[in-house]
């Protein structure tokens with residue numbers, strides 16, 4: 015399975031270059047208009063986002079801020095890329111919360127491995143976690159119930175991964191939000207995602223409950 019990357023860059027030649035360079039590992043969808051970010055996030059659930067630093071309208075830092083504050087952002091890692099290798103720009107991108115910074119002179123294999131390693135760190139853990147008739151395969155990022163794969167968004171996978179690893183302990187909502195989104199703002203979105211998960215897991219012999227500002231997995 016190829017991992018999906020969304021790439022914002024005002025130069026179509028840059029997009030085409032990295033699409034060709036990484037086509038065996040990543041499915042890269044590029045956009046030259048950074049103002050469409052919200053529509054893109056609404057329609058796609060990427061495993062990672064790549065941002066050019068120097069762009070008109072929104073530079074990479076401002077676009078990153080808008081992306082992570084979007085209600086449609088799925089929590090995936092965000093990377094920066096630029097031909098400008100100054101320490102000032104590199105530090106700015108990392109201070110803004112970027113997972114990594116790449117200069118355009120980076121070798122193909124190094125770029126591929128750094129992207130893969132950083133994305134996979136969001137899914138660290140045992141290869142399989144079994145709870146009742148549910149199995150979570152963290153290597154393929156897939157949840158199975160009765161051996162049937164369940165279609166989940168990336169953020170739903172991250173929520174399930176964290177809750178399963180913390181079982182049987184309840185997870186405070188603030189802790190879960192910091193793990194998934196990096197902050198504890200907008201607690202209502204946890205309830206929304208938990209509701210969606212329970213609907214998708216209708217044949218699971220457990221459920222996720224919200225109680226006393228905590229989320230936990232319990233058997234029926």
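Residue numbers (the working numbering): 15 to 234.
Beta carbons are placed, not taken as given, at the ideal position from N, Cα and C, and that holds for glycine.
- Per DSSP, the beta bridge partners of residue 163 are 158.
- Using a 10 angstroms sphere on the CB of residue 54, the tally of other CB atoms reaches 16 or more, which defines it as buried.
- Within 10 angstroms of the beta-carbon of residue 207 lie 16 or more other beta-carbons, which makes it buried.
- The beta carbon of residue 84 sits closer than 8 Å to the beta carbons of 51, 52 and 55 from its chain, once the five residues preceding and following it are set aside; these are given in chain order.
- Its Cα nearest to that of residue 93, the residue 19 stands out among 123, 19, 25 and 119.
- Taken through DSSP and simplified to helix, strand or coil, residue 168 comes out as helix.
- Residue 27 and residue 36 have their C-alpha atoms spaced approximately 14 Å apart.
- In the DSSP secondary-structure assignment, residue 208 is not bridged to any residue.
- Using a Cβ distance threshold of 8 Å, residue 78 and residue 96 do not count as a contacting pair.
- Under the Cβ criterion (8 Å, minimum of three pairs), the region 203-220 counts as touching the region 160-176.
- Rounded to whole angstroms, the gap between the alpha carbons of residue 125 and residue 116 is 8 Å.
- Counting only the Cα atoms, residue 130 lies some 21 Å from residue 74.
- Within the region 42-112, the beta strand (DSSP E) runs of at least 3 residues that lie entirely inside it are, in chain order, 62-66 and 92-96.
- As the crow flies, the alpha-carbon of residue 81 is around 10 Å from that of residue 88.
- Excluding its 5 nearest sequence neighbours in each direction, residue 114 has C-beta neighbours in its own chain below 7 Å: 93, 128 and 132, listed in chain order.
- Under the three-pair Cβ rule at 8 Å, the region 216-230 counts as touching the region 185-202.
- Cβ atoms of residue 159 and residue 215 come within 8 Å of each other, at about 6 Å.
- Residue 144: not part of any alpha helix (DSSP H); member of the beta strand (DSSP E) spanning 142-145, first to last residue.
- Of the candidates 99, 47, 25 and 21, 21 places its Cα closest to the Cα of residue 61.
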